[in-house]
Amino acid sequence: MRRGFGTILSLTFVLVAAGPAVGGPERVAFPKDYAKNFTLYDKIDKTKKKKKEKVRFMYANPAALSVTSGPLPSGSIIIMEDHAIEVNADGTAKIGSTGRLLPTAEIKNVFVMEKRTGWGAAYPADKRNGDWEYAWFQPDGKPKPGKTMEKCFACHKAKASGNDFVFTMKQVRAKAN
Numbered sequence: 184m185r186r187g188f189g190t191i192l193s194l195t196f197v198l199v200a201a202g203p204a205v206g207g208p209e210r211v212a213f214p215k216d217y218a219k220n221f222t223l224y225d226k227i228d229k230t231k232k233k234k235k236e237k238v239r240f241m242y243a244n245p246a247a248l249s250v251t252s253g254p255l256p257s258g259s260i261i262i263m264e265d266h267a268i269e270v271n272a273d274g275t276a277k278i279g280s281t282g283r284l285l286p287t288a289e290i291k292n293v294f295v296m297e298k299r300t301g302w303g304a305a306y307p308a309d310k311r312n313g314d315w316e317y318a319w320f321q322p323d324g325k326p327k328p329g330k331t332m333e334k335c336f337a338c339h340k341a342k343a344s345g346n347d348f349v350f351t352m353k354q355v356r357a358k359a360n
């Protein structure tokens, strides 16, 4: 009986010491050379009046483009790269012949959402976005200091049903193999 108690006590200690799964942006690595190795699948003009206008370049890795229906597989990575825009002498946004904003080569921010099996277990059900995790990087690949991903989780929650928490799922599907 004592031997069984010792085993249970040891197992309990191991489980308590390990603690719950810990989520956070530090689990997401900056994907080096993503502009070469991922597929640019969309460009989105952002024209909110209270924030600076920008163009978002959307990239997906091969895993995200490997299925044409259902949720994206573990290992999927979606990148949203914010670009500054060209402006006129008066500071207004330049519009190209297609009626869209003209992006510059200047990258302002890089947002990464990555999906790995089991990552969602680190979050309570009311916050969880499946197994997705989010991170915000500076253009040089260093994490953006002092930023939490709370807004990402809250905003992407709206795309849970049928879109696997991805706002641009239709565009990803259009590029899928």
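Position in the sequence shown (from 1) plus 183 gives the number in my numbering. The beta-carbon is built from N, C-alpha and C at its ideal position, and this holds for glycine as well.
Separation of residue j from residue i, as counted between CA atoms
| i | j | result |
| --- | --- | --- |
| K342 | F348 | 4 Å |
| G313 | L284 | 33 Å |
| D415 | F336 | A question about residue 415 goes unanswered here, because the residues of the chain that appear run from 184 up to 360. |
| C338 | F350 | 9 Å |
| I262 | G345 | 20 Å |
| E209 | T300 | 16 Å |
| R311 | Y317 | 11 Å |
| K327 | A212 | 13 Å |
| E269 | T287 | 6 Å |
| F294 | N220 | 16 Å |
| A246 | K325 | 24 Å |
| N271 | K234 | 17 Å |
| G253 | T222 | 20 Å |
| D323 | P307 | 32 Å |
Cβ-based neighbour list, residue i, same chain, cut-off 7 Å, excluding 5 preceding and 5 following
| i | result |
| --- | --- |
| R356 | T251 |
| N360 | L248, S249 |
Cβ-based burial, residue i [other Cβ within 10 Å; buried from 16]
| i | result |
| --- | --- |
| E289 | exposed |
| G282 | exposed |
| K340 | exposed |
| K215 | exposed |
| I191 | Confidence in I191 is poor, its pLDDT being 43 and thus under 50, which makes the residue's placement too unreliable to answer from. |
| G303 | buried |
Rounded distance between the beta-carbons of residue j and residue i, thought under 8 Å
| i | j | result |
| --- | --- | --- |
| K298 | W315 | 5 Å |
| K353 | Y224 | Between Y224 and K353 the Cβ distance is about 10 Å, and since that is not below 8 Å, they are no contact. |
| A305 | G206 | 3 Å |
| N292 | D265 | 4 Å |
Cutoff 6 Å; reference residue i; Cβ partners in own chain excluding five residues on either side
| i | result |
| --- | --- |
| A218 | none |
| T230 | E236 |
| I227 | R239 |
| M296 | I261, W315, Y317 |
Same chain, Cβ closer than 8 Å to residue i, neighbours up to 5 away in sequence not counted
| i | result |
| --- | --- |
| Q321 | N292, V293, K327 |
Exercise. Should the segment 242 to 257 be called in touch with the segment 266 to 285, which here means at least 3 C-beta pairs below 8 Å?
Worked result: no
Exercise. Are the segment 323 to 335 and the segment 236 to 246 in contact at 8 Å, needing three or more beta carbon pairs?
Worked result: no
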